[in-house]
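Scroll down for the structure; my scribbles are underneath it.
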Amino acid sequence: MAGMKDIRNIVILTGAGVSAESGIDTFRDGGGLWEQHRVEDVATPEAFARDPDLVLRFYDMRREAIQTKEPNAAHVALARLDREWEGELLIVTQNVDDLHERAGAKRVLHMHGEHLNAWCTACDVRSPWTGPLLDRPACPQCGAAELRPDIVWFGEMPYRMDEIFEALEQADLFVSIGTSGAVYPAAGFVRNAREFGAETLELNLEPSQGTAWFDAARHGPATALVSAWVDEVLGL
Ligand code: OAD
21 MAGMKDIRNI
31 VILTGAGVSA
41 ESGIDTFRDG
51 GGLWEQHRVE
61 DVATPEAFAR
71 DPDLVLRFYD
81 MRREAIQTKE
91 PNAAHVALAR
101 LDREWEGELL
111 IVTQNVDDLH
121 ERAGAKRVLH
131 MHGEHLNAWC
141 TACDVRSPWT
151 GPLLDRPACP
161 QCGAAELRPD
171 IVWFGEMPYR
181 MDEIFEALEQ
191 ADLFVSIGTS
201 GAVYPAAGFV
211 RNAREFGAET
221 LELNLEPSQG
231 TAWFDAARHG
241 PATALVSAWV
251 DEVLGL
């Protein structure tokens, strides 16, 4: 990797692997969420139309579970980088937990939505939400009982793609952490970043599906890898 002096703007993509050591299941590892549930049963607009109770119950359980988990050393290291890095920095997360924020990171963008929001399909407003949705609570904004999880389902467009592409265009360094590279458009960001001229680094437990696209890759648990990498970047 070029000397850090050349690096000013950083984009970091995180996935389920960054929260794995906090005890939150990933999607595709052995025993992961998609082995326990068929995607088409819980994570599509069609599933919600067909069996809303099943979908709401699935996300109610996940929303409850993440509130019992704590940020790990990888979240803490990224929050420190966010605090101390003087150039541009954006943490684009596919995760719908709030562990980056609870560790103190500020420059975070949730491209796949957030468990701790509810989205009213009547008035289109998103409200902070920690409780269940199964019992059809009223929207705090308009009173309609039409709240859904604020999660981007398969077949829906991820959030804030314009901002993400602007950041990728400006990036000198793109780092992908704890993601399998299976889900687009996030899986394509490494190629976008390369085309825009950034260096690319993968930090993941094992080679991801897109590992060949990265200039460099380090494999191991996020708590160890991310902490060491952040120390390097900050010159500690
Ligand atoms: P995956 O479950 O597909 O991939 C998790 C990756 O993290 C795998 O490559 C693991 O090897 C790696 N991993 C596991 N434990 C790790 C650890 N301790 N340290 C470092 N890496 C570790 O999860 P994502 O790539 O995040 O979308 O999945 C992408 C999207 O697919 C999710 O956002 C979700 C899902 O469908 C939506 O819900 C919209």
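So in our numbering, the last spot in the sequence shown is 256, and the numbers never skip.
A virtual CB, placed ideally from N, CA and C, is assigned to each residue, including glycine.
query	result
Nearest-angstrom Cβ-Cβ length linking N137 and T243, presumed shorter than 8 Å	That pair is no contact at about 27 Å.
Three-state class that DSSP yields for P169 in the structure shown	strand
For P148, the nearest candidate out of V253, L167 and F194 (CA to CA)	L167
Cβ distance (whole Å) where L223 is taken to contact R238 below 8 Å	5 Å
DSSP state of P148 mapped onto helix, strand, coil	strand
Option nearest Y8 by Cα separation, candidates L153, E186, G151 and Y179	Absent from the model: residue 8. The displayed extent of the chain is 21 to 256, so no value can be given.
The region 26-33 contacting the region 187-195, beta-carbon criterion three pairs below 8 Å	yes
Own chain partners of F209 with C-beta closer than 7 Å, once the 5 adjacent residues on each side are dropped	L33, L188 and F194
A69 Cβ short of 6 Å to the ligand OAD heavy atom set	no
Contact check, Q229 vs G201, beta carbons under 7 Å	yes
A125 and V96 closer than 7 Å at C-beta	no
G133 versus M181: straight-line alpha-carbon distance, rounded	12 Å
Three-way DSSP call (helix, strand, coil) for S200 in this model	coil
Minimum C-alpha distance to E104 - residue among R214, P241, R127 and F47	R127
Per-residue burial, A213 [other beta carbons within 10 Å of its own, 16 or more giving buried]	buried
Stretch-stretch touch, CB-based, cutoff 8 Å, three pairs: the region 105-113 with the region 52-65	no
Where H57 falls: helix, strand or coil (DSSP)	coil
Backbone secondary structure at N115 - three-state DSSP	coil
8 Å contact criterion, which V253 and L101 should meet: CB distance rounded	6 Å
Within 7 Å, strictly: CB atoms of R82 and H130	no
According to DSSP, residues forming a beta bridge with A237	E222
Where W139 falls: helix, strand or coil (DSSP)	strand
Beta-bridge partners of F194, as assigned by DSSP	V31 and T220
The alpha helix (DSSP H) enclosing L245, as first and last residue numbers	A242 to V253
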